[in-house]
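Right, one structure below, let's go through it.
Numbering (my numbering), first residue to last: 103 to 534.
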């Protein structure tokens, strides 16, 4: 199997690069089909048959090249979510074994398993920075929401913004002395749709409020704004141009408060708009366009004479049958490297993954640990009695795992996304 041939194929289809987020599933399936064409038939063996209060440094096991990858401060939230998803891939709903990271708790894990992808939108630069900077009690952020494809249905929307610990002792003392409950400060979030090049404003909607307690003022944390109103507005306006979210501090104390005093500093508080989407019609299967499939076959046939296979490596399906145990149905490793197929410039994590494949014989009687169906048992008996009536039972995957990919959608890295591909990794094999 030659990765150079595969890489050459995707270089031929380089115009897809800018649409890769809409066609990535088809491309990955095309790659798997090309593996089958360029290799012995092991892919189709039987052809005849909440709010987080913690420090903002996640424990990411991979090293990020900050000169080439997105370096937004809050992109670490997406990477932290990716780590949690990977560690929970075998037991996503088991409360006894589930792993929660610093930024990702039970609510986030539940949401991401209900969605097909999670988009992280970073704000554009405001039109008039000076005017916004002069307003000490409010900040405005503009998000390009037209980047959300129309075929994606917004399931949930959330705004996260980083708040440092307030350090002004006189300010903290005034707050606690003036109000016994300590809830005299409120952060109010509103949303406005901006249209056209001149960003003309339409009606402004109230999104939600967050009351701050004394402990909130002295603890560095992510503030989370999520409500049905924000989700509804994102769903209604997702094909529009720009969404303005305005954060304003409202004080019911005797003294006034600014966002800077609360620890929300503009240069540090780059917000993250998280959008959990469901792709319409996504059932985990993909139909390869016939014209594209024919082109793959044509190019693979042309390059077949130039394949550089290693004669010293014998795949399991070509090995001898001296030992029945060695040829029994089992799982084999099949590493796929994104750099080798030309995806390394936009796929951030993982750099590679093991898709695995199943191969081997299903001799009767079939062991119970192969999780065979009644149909497989009957077919195996019929084949033993008369091989012309039914083919042998196939060794095939019986359990799959999803694959999560983190990638940057735009050249300017304004959007970071986690996408889930269902049934991409074979977890176990059986006789079916």
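Glycine residues also receive a C-beta, built at the ideal position from the N, C-alpha and C atoms.
Assignment of residue 499 by DSSP, reduced to helix, strand and coil, places it in the strand class.
The closest CA to that of residue 245, considering only 259, 253, 239, 431, is found on 259. In the DSSP annotation of this structure, the continuous segment of the beta strand (DSSP E) that includes residue 261 starts and ends at 254-265. Take residue 486, set aside five residues on each side of it, and the residues of its chain with a beta-carbon closer than 7 Å to its own are 466, in chain order. With 16 or more neighbouring CB atoms inside 10 Å of its own CB, residue 221 falls in the buried class. For residue 334, the enclosing alpha helix (DSSP H) has its first and last residue at 330-339.
In chain order, 418, 429, 430, 431, 432, 497, 531 place their CB closer than 8 Å to the CB of residue 462, counting only its own chain and leaving out the 5 sequence neighbours on each side. Boundaries for residue 478: no beta strand (DSSP E) harbours it, while the alpha helix (DSSP H) harbouring it runs 476-487, taken from the DSSP string. Cβ contact annotation for residue 307 (same chain, cutoff 8 Å, sequence separation greater than five): 292, 293, 294, 331, 335, in chain order. Note on residue 320: under 16 other CB atoms within 10 angstroms of its CB, so exposed under the neighbour-count rule. In this model, residue 442 and residue 452 are separated by some 13 Å (Cα to Cα). Residue range 323-327 is occupied by the beta strand (DSSP E) that includes residue 325, with no alpha helix (DSSP H) assigned at that position.
A straight line joining the alpha-carbon of residue 502 with that of residue 242 spans about 44 Å. Residue 482 counts as buried, since no fewer than 16 other beta carbons sit within 10 angstroms of its beta carbon.
Residue pairing of residue 246 in beta bridges, as defined by DSSP: 344.
For residue 461, there is no enclosing alpha helix (DSSP H); the enclosing beta strand (DSSP E) covers residues 459-461. In the assembly as shown, residue 363 is a buried residue. Its beta-carbon has 16 or more other beta-carbons within 10 Å.
A Cβ-Cβ contact shorter than 8 Å links residue 240 with residue 350. In this chain, residue 382 is not harboured by any beta strand (DSSP E), its DSSP state being neither H nor E. For residue 533, the closest C-alpha among the options 460, 179, 365, 490 is that of 460.
Beta-bridge partners assigned by DSSP to residue 533: 497. In the displayed model, residue 221 falls within a strand according to three-state DSSP. Spatial neighbours of residue 440 in its own chain (CB-CB distance under 8 Å, excluding positions within 5 residues in sequence) are listed in chain order as 446, 449, 452, 453, 454. For residue 206, no alpha helix (DSSP H) segment is defined, and its DSSP state is neither H nor E. Residue 526 and residue 181 have their alpha carbons spaced roughly 20 Å apart. According to the DSSP assignment, residue 439 belongs to the beta strand (DSSP E) that extends over 437-439. Per DSSP, reduced to three states, the secondary structure at residue 189 is helical.
Partner residues in the beta bridge of residue 519, as assigned by DSSP, are 221, 509. Following the DSSP letters along the chain, one finds residue 456 inside the beta strand (DSSP E) bounded by residues 454-456. In this structure, DSSP gives residue 180 a helical state, which the three-state scheme calls helix. Straight-line measurement puts the Cα of residue 252 at about 29 Å from the Cα of residue 290.
Nearest to residue 494 by C-alpha distance, out of 263, 344, 328, 479, is 479.
In this chain, the beta strand (DSSP E) harbouring residue 434 covers 432-434.
DSSP, read as helix, strand or coil, puts residue 527 in strand. When secondary structure is reduced to three states using DSSP, residue 450 falls in the strand class. Counting the other Cβ atoms within 10 Å of the Cβ of residue 491 gives fewer than 16, which makes it exposed.
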